[in-house]
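Report on one structure; see the data block that follows.
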Amino acid sequence: MKKSSPFLVLVFFTSFIAFSQSIATSPYSLYGLGSLYEANFGLIPSLGTASIALPSDSFINNKNAASLVNIQQNNFFFEIGGKGIQSSFEDNLKKENRNNFQFSHFAFAFPITTKSAVSVAMMPYSSSSFKISGLKIPVIDSGNEYYYLDVIGTGGLNNLDFSYAYKLTNKLSLGLSASVLFGNTTDERTYAINNSVTTIDKKVSYSGIRPILASQFKMNPSLTFGLNVKSPTRVNATKTQSVTVENGTGTANLETDEKSNTDDFYLPLEIGIGFNKAFKNKLNVTFDYEKNFWDATNQSDMYGDFSNQEKFALGFSYQKAKTSRIYFDRIKYATGINYDTGYLEVDNKKIEDKSFSIGASLPLDHLSSALFISYTYGQKGQITNSLVQENYHKLTLNLNLDGIWFVRKKLE
68 MKKSSPFLVL VFFTSFIAFS QSIATSPYSL YGLGSLYEAN FGLIPSLGTA
118 SIALPSDSFI NNKNAASLVN IQQNNFFFEI GGKGIQSSFE DNLKKENRNN
168 FQFSHFAFAF PITTKSAVSV AMMPYSSSSF KISGLKIPVI DSGNEYYYLD
218 VIGTGGLNNL DFSYAYKLTN KLSLGLSASV LFGNTTDERT YAINNSVTTI
268 DKKVSYSGIR PILASQFKMN PSLTFGLNVK SPTRVNATKT QSVTVENGTG
318 TANLETDEKS NTDDFYLPLE IGIGFNKAFK NKLNVTFDYE KNFWDATNQS
368 DMYGDFSNQE KFALGFSYQK AKTSRIYFDR IKYATGINYD TGYLEVDNKK
418 IEDKSFSIGA SLPLDHLSSA LFISYTYGQK GQITNSLVQE NYHKLTLNLN
468 LDGIWFVRKK LE
């Protein structure tokens, strides 16, 4: 094993500690399980997230487990990633800017035979971090009477992913993943009306396992097709709640850490297909199409309805020479676009997400170790009476370390 192995272990545990402190802030994290993450590894963020048909030959492709069979024998991939996000939120009344940095994932992968490979990854699945202050809401059937609402939300779900890939033939490989989802969200609400203040502290804990099937078919050396199917899954939920009422006569605790069942959350069937076409081993074109069948879950949020979601991603990459002695020839450049119809519908308007990305892969050695840098500009939602427009700038850094393991040194 190379001397870099202890360093890999150190980075792994350091990243684990930092990972638990990651927080994302967006008004759209108010809905459902919160804002769903796109934890994309390697060069994927630069490609507009298009990657279902990409191999895992230079980084771990977390969007298709079947790609793991492309990791060379005796190689061990370790990856850690993070991103910085500058966002502006605008509605009909005001504009607000927020900055945030978050660790996005860490993972490792390696082959176990000439035909199979495994990976383990830890990443966030969703974030429910939001704040609403002084929202004036009319009291139903009470004339001109109003109450004021303050809400603070925190927490989210994590995704611990285990993947296995097997090469059936030289052209066809299959992958199986199990995504273990767990975590909790907290919601503290204060309702103020006249001289009375009611505070409701709610914590909901979630857990579930989601199986994922994947495949890649290499029609010829320059053309590969990919398929990814995420099964419908129930995420079990339990609630703990405390309710306090304060008025001129004192404070009354109506509930204190009362545990009860709450509605489970259902994830839909998700199907993704894609292709990757190489031209003269220099230019690659990658395309993904995904559809998530939210309608079939028959779910809604108090703020809107869940509806079918479609995603389109198109990416281009260029590398002059993979094995050149000239460093700049080995840099891979990439760009991509992404369009997401969104899965939440508010006042008959979908919360769409459109983005453009650009980036590069900077080699760190003559194996597959590399630093992946990408920049993304995107726009989510629109300015209406019920929606907020979010404009964001995202800088993503992914570090992939490639080590040669289980190789005996030859005696001189």
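Just so we're aligned, residue 68 is where the sequence shown starts under this note's numbering, counting upward by one. Backbone N, C-alpha and C fix where the C-beta goes; we use that ideal spot for every residue, glycine too. Please read all numbers here as calculations on a predicted model, not as lab measurements.
Pull up the distance between the alpha-carbon of residue i and that of residue j, whole angstroms please.
{"i": "Pro278", "j": "Ser171", "result": "21 angstroms"}
{"i": "Phe156", "j": "Ala184", "result": "43 angstroms"}
{"i": "Gly101", "j": "Ser391", "result": "45 angstroms"}
{"i": "Ile260", "j": "Tyr400", "result": "58 angstroms"}
{"i": "Tyr192", "j": "Glu255", "result": "22 angstroms"}
{"i": "Val312", "j": "Gln456", "result": "35 angstroms"}
{"i": "Leu411", "j": "Gln446", "result": "16 angstroms"}
{"i": "Phe229", "j": "Ala174", "result": "10 angstroms"}
{"i": "Asp330", "j": "Phe249", "result": "16 angstroms"}
{"i": "Tyr406", "j": "Leu121", "result": "19 angstroms"}
{"i": "Phe168", "j": "Ser422", "result": "19 angstroms"}
{"i": "Lys389", "j": "Gly242", "result": "27 angstroms"}
{"i": "Ser96", "j": "Gln449", "result": "16 angstroms"}
{"i": "Tyr34", "j": "Ile204", "result": "What the structure shows of the chain is the stretch from 68 to 479, and residue 34 is not part of that stretch, so it cannot be assessed."}
{"i": "Phe319", "j": "Thr266", "result": "Reading off the sequence, residue 319 comes out as Ala, not Phe. Going by the C-alpha atoms only, they are around 11 angstroms apart."}
By DSSP, does residue i sit in helix, in strand, or in coil?
{"i": "Thr364", "result": "helix"}
{"i": "Val206", "result": "coil"}
{"i": "Ser72", "result": "Its pLDDT being 38, under 50, Ser72 is placed unreliably by the model, and the measurement read from it follows with that caveat. Three-state result, Ser72: helix."}
{"i": "Ser108", "result": "It should be pointed out that residue 108 corresponds to Phe in this sequence rather than to Ser. Phe108: coil per DSSP, three-state reduction."}
{"i": "Tyr410", "result": "coil"}
{"i": "Asn287", "result": "strand"}
{"i": "Arg392", "result": "coil"}
{"i": "Asn137", "result": "helix"}
{"i": "Ala176", "result": "strand"}
{"i": "Ala132", "result": "helix"}
{"i": "Gln88", "result": "With a pLDDT of only 35 at Gln88, under the threshold of 50, the placement of this residue in the model should not be trusted; the figure read from the coordinates follows. If DSSP states are grouped into helix, strand and coil, Gln88 belongs with coil."}
{"i": "Leu114", "result": "helix"}
{"i": "Ser246", "result": "strand"}
{"i": "Ser193", "result": "strand"}
{"i": "Ser298", "result": "coil"}
{"i": "Ser102", "result": "strand"}
{"i": "Ile471", "result": "strand"}
{"i": "Ser96", "result": "helix"}
{"i": "Phe80", "result": "Below a pLDDT of 50, predicted positions are generally treated as unreliable, and Phe80, at 34, falls in that range; no measurement from the model is reported."}
Just list the residues that DSSP pairs residue i with in beta bridges.
{"i": "Val271", "result": "Thr252 and Lys306"}
{"i": "Gly403", "result": "Gly382 and Ser424"}
{"i": "Leu239", "result": "Phe284"}
{"i": "Gln153", "result": "Asn166 and His460"}
{"i": "Ala188", "result": "Ala174 and Asp228"}
{"i": "Gly445", "result": "Ser422 and Tyr459"}
{"i": "Leu466", "result": "Ile147 and Leu438"}
{"i": "Phe292", "result": "Phe284 and Phe342"}
{"i": "Leu429", "result": "Leu438"}
Using 8 angstroms for Cβ pairs, my map puts residue i next to residue j. What's the rounded Cβ distance?
{"i": "Thr257", "j": "Ser195", "result": "About 18 angstroms separates the two Cβ atoms, so there is no contact after all."}
{"i": "Asn465", "j": "Gly148", "result": "4 angstroms"}
{"i": "Gly151", "j": "Phe126", "result": "The pair is not a contact, with the Cβ atoms about 20 angstroms apart (cut-off 8 angstroms)."}
{"i": "Ile404", "j": "Leu381", "result": "5 angstroms"}
{"i": "Ser123", "j": "Ala176", "result": "7 angstroms"}
Measuring from the CB of residue i, is there a heavy atom of the ligand MN at a distance below 7 angstroms?
{"i": "Thr180", "result": "As presented, the structure is devoid of all ligands, the ligand MN included, so that no description of it is given."}
Point to revise | Given 8 angstroms, three or more beta-carbon pairs between the segment 345-356 and the segment 113-121 | key: yes
Exercise for review: Specify whether the segment 333-343 and the segment 286-294 touch according to this definition: at least 3 beta carbon pairs, one from each stretch, less than 8 angstroms apart.
Suggested key: yes
Check your understanding: Within the chosen definition, does the segment 295-304 reach the segment 262-278 through at least 3 CB pairs nearer than 8 angstroms?
Key -> yes
Point to revise | Three CB pairs or more closer than 8 angstroms across the segment 402-419 and the segment 367-382 | key: yes
Review point. Below 8 angstroms, can you find three or more Cβ-Cβ pairs linking the segment 316-325 to the segment 360-369?
Key: no
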